[in-house]
Every structure is written in structure tokens, then in C-alpha cells.
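First comes the structure, then the notes that go with it.
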DNA sequence: CGATATAGGGAACGATCATTTCCTATTCAA
DNA sequence: TTGAATAGGAAATGATCGTTCCCTATATCG
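Residue numbers (the numbering used here), protein chains in the order written: chain A, 1 to 215; chain B, 1001 to 1215.
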């Protein structure tokens, strides 16, 4: 009797308290698919320009159903933000774990960010950047999540610089934390410029210039 | 008879067709002060979260008066954007013209951007970044202005790199255009992170790391 | 099987927003 | 000095938006 209760609690925690309860009619829609639709809308239009109508279309739900699963529009946004950062962190860690040397892994991350900032994906934009620009100043909770996401990226990059010290692919003189901070500026700036649709003709040149930070 | 007409036309062009006409009751408010108020509102809240009520407060005008001077909310925004980029470009050119060597002028520009991304000013944000993120994808005219502003900054930075070749403060191997592109990423990223309220404890270290791009 | 609990969905509601209207005030032209 | 033109400002308007309500459907518990 207590085991399923614990399982439910764990699922509720991982799903951010948006998991379906045990009693009553079960949820018919897929929460992850619905949130993917919400992510698409919020990335393209931002928070304020996304209407509930936009969200019902993209999530495949009626407004009544949305308000059964979420407290309000902001609650949808926070759930979408959390899923976005979850997926993005997974992608980054995958990219950052492929190559042999730490230097090459950092190069792969730059390429990944540059690719994310190109074409349709670039125009769609980054939800973290969008939240920072549109919401962080007046919403403490959003600001905290944006800060945590940036700190997370910074830590990942700093860790790679430190690994580079160990495998001798990055000179000891390169400060991990300070360099990672500048690299975060660089990557977030790529997303901004990508939103404006200005992509570099030859990304490989851009990457090599960015790699000078590891000198 | 024709001379004042020409003068009026020139003023209308420079003021973006928002100048007061010759006939009728003259405008009582100062257009530049009003636009400064609009700039403050749009920088803090973005476009969609800024209500006409916010703008009447910040511009010191009633809604009826605002609609006498501007076609609609978007027209106010475009005028504010143009004034913002005008002022910002002037500031940048002033900063970029002080030091002796081109390398030092580039360093001053990094410091200027980092300072603009700190504290209250940083939280207030950059109107170009905000426009790129919130509006560029669905508003061609805004996208064009954002693109022009980024291209302008890029050209300014590239020009300094080229000057650095001439005064030998920047190695010849540093490509002006490609390096300027990366520097734009860097500076726009600073504004994003500044919006989130995360400023570097010691800006001078950050600046020196950024200067590695000129290696 | 009946009671309870929750989901799905669409219509209704209340608030807010951008914009217009209308009236007064102030200028220039004739 | 009168008329045309425009500014200032407050109230009215119409549309849109987020949210709630209500009804039906489907599950579990006793």
C-alpha cells in the first residue's frame, strides 16, 4: 500500500507536480508532447505574445483541459521552461562527451551552439534567453531559473576547461571560471543574433576564433 | 516661401516624420524627453508587456495626445528604437575614439559593454536585444532595424581591428570581419546575462580574456 | 453498482488593452 | 477678427485575453 504511494510521489516530483493523480478519469494526452508544443510557441512568440489560443492549438488541448493540468498561463510556462532546460542540458552533455580531448569537446560545444543559432532553429530562439530578456526583471522565480540555467552552463564549460588542464589540451594559464563566464556570453550572444536571422557564412572560422579564448 | 517648406521637410525627416507641423497649435511636450520615457518602459518590460498606460505615465502624455503624435503603439516603439540606437551609437563612437591605440579602444568598448550590462542599467536591458528576441521573428521592419544595428556594431568593431593592423596594436593574422562577428556575439551575450542580474565580480579579468580574441 | 474524483471541451465571464471620439485650447493665415 | 488646423486630455468603445463554469465522459474505491 505504501509502495505505490511512494512511486506516485516520485513521479509527481519529477513531473513537477503536473502528473496525473491516481483517482478519477486518467489523463488522455501526453504531457511531454503537450509541453513540447508549448515550448515551440513560447520560443517563437515569447511569453506575453503567446495567447491561450496559441497554446491550445500547439498543445492539442482545449482551454478547460489546460486549466485542469496547470494553475495558470505562467504555470504552463514554468513547466515548459523546465522541460526545455532538461532536454537542452541532455543534448549539451551528449555533445560534450563525445570527443577525446577536452579542447575538442569545447569546440564541439561551440559548433553545437552555432548550429542551434542558425536557420529555422535559430529564429525559433532559446527559451532561456527569451525568459531572461522578457521576464527576469519582474518575475523572481523565472529569474532564479534563468540564473540556475546560466550557472549550469557555466559550470559545464568550466569543468571542461579543468579537464583540459588535466589532459594538457588547454594551457594551465586559462582560468576555468572566468573563461567559462566569457564563453557563456559568447553562446548566449549567438542565440540573440540567431533570432535576428544573421548567421555566419562559415561557422568553422567563427569556431576557431572563439577557441582563442583557450589560449 | 519655399525655404521654410524645405526646412520643415528636413526636420520631419530627421525626426522620423514625428515632428510637429507648422500650422495649428504647437506641440507642448518635448519629443526627445517623451521618447526617453518610452525607451525606459520598453527596455524594462519589452514591447508586449508595456501598456499604453505605462507609456502615458513614462512619457507624461495622455493617451489621446500620444495618438496625435504616433500612429499606434508599434509606431511609438519604432521611434523609441531609432532614438535608442542613435544615442547608443553616439556613446560607442565616443568610447571608441578616446584611447590611443586601436587595441586600447577595443578594450574600452568591452569595458563599456560590460558596464552597460551591470546593476540597474544591466537589468534594464538593451532595446536591440529585446527587439531581436521578442519581435524580430514576426515583424520584418523590426528585424531589419535590428539587423542594421548589429551590422553597424560589427562594422565599428571590424574597423577598429583594421586600424589595429595599421598601428600594429593588433596582429595582421586577426581577421577584421570574422573577429568582429564573434565580438558582437560576446557583447550581445553580456546584455542577456546582465538582464538576468549576473555580473562578473571583477570586470577587468573578463575584459582581458575577451581581448584574447585579438591574438 | 453507486459514490466519488478527475479529465475533456466549449461557452461564458470579467478584466485589460489599444484605439477612437469628443470637447477644449492654442496657434497661424487671411 | 474669424476660420482652419492641430494639440491636450478624458471618457467611451470594441476587441482580445486569461480564467472560470458547466456538462459530459471515464476512471477508482467501497
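Virtual Cβ for every residue (Gly too), placed ideally from N, Cα, C.
Taking a beta-carbon distance threshold of 7 Å, residue 201 (chain A) does not count as an interface residue toward chain B. Taking C-beta atoms as the reference points, residue 1070 (chain B) and residue 1127 (chain B) fail to come closer than 7 Å.
The region 1129-1149 of chain B makes no contact with the region 140-148 of chain A: fewer than 3 CB pairs, one atom from each, lie closer than 8 Å. Look at the beta carbons and you see the region 1051-1061 of chain B touching the region 1032-1040 of chain B: at least three pairs across the two are nearer than 8 Å. If you draw a straight line from the Cα of residue 1165 (chain B) to the Cα of residue 204 (chain A), it is about 23 Å long. Looking from the CA of residue 178 (chain A), the closest CA among B:1208, B:1152, B:1138, B:1170 belongs to B:1208. Distance from the CA of residue 1201 (chain B) to the CA of residue 24 (chain A), rounded to the nearest whole angstrom, comes to 53 Å. Selection B:1213, B:1018, B:1064, B:1176 evaluated against residue 1154 (chain B) yields B:1176 as nearest (Cα-Cα). In this structure, the CA atom of residue 182 (chain A) is about 11 Å from the CA atom of residue 1183 (chain B). Following the DSSP letters along the chain, one finds residue 1178 (chain B) inside the alpha helix (DSSP H) bounded by residues 1176-1195. Between residue 195 (chain A) and chain B, the shortest Cβ-Cβ separation is below 7 Å. Residue environment analysis places residue 1050 (chain B) among the buried positions, since at least 16 neighbouring C-beta atoms fall within 10 angstroms of its C-beta. Contact annotation: residue 1103 (chain B) and residue 1096 (chain B) have beta-carbon atoms that are not nearer than 7 Å.
Secondary structure at residue 1215 (chain B): coil, using DSSP grouped into helix, strand and coil. One Cα belongs to residue 17 (chain A), the other to residue 85 (chain A), and the distance between them is close to 17 Å. Residue contact with chain A for residue 1185 (chain B): present (Cβ-Cβ distance below 7 Å to some residue of chain A).
Nearest to residue 1031 (chain B) by alpha-carbon distance, out of B:1045, B:1076, B:1171, B:1138, is B:1076. The beta carbon of residue 1210 (chain B) falls within 7 Å of a beta carbon belonging to chain A, placing the residue at that interface.
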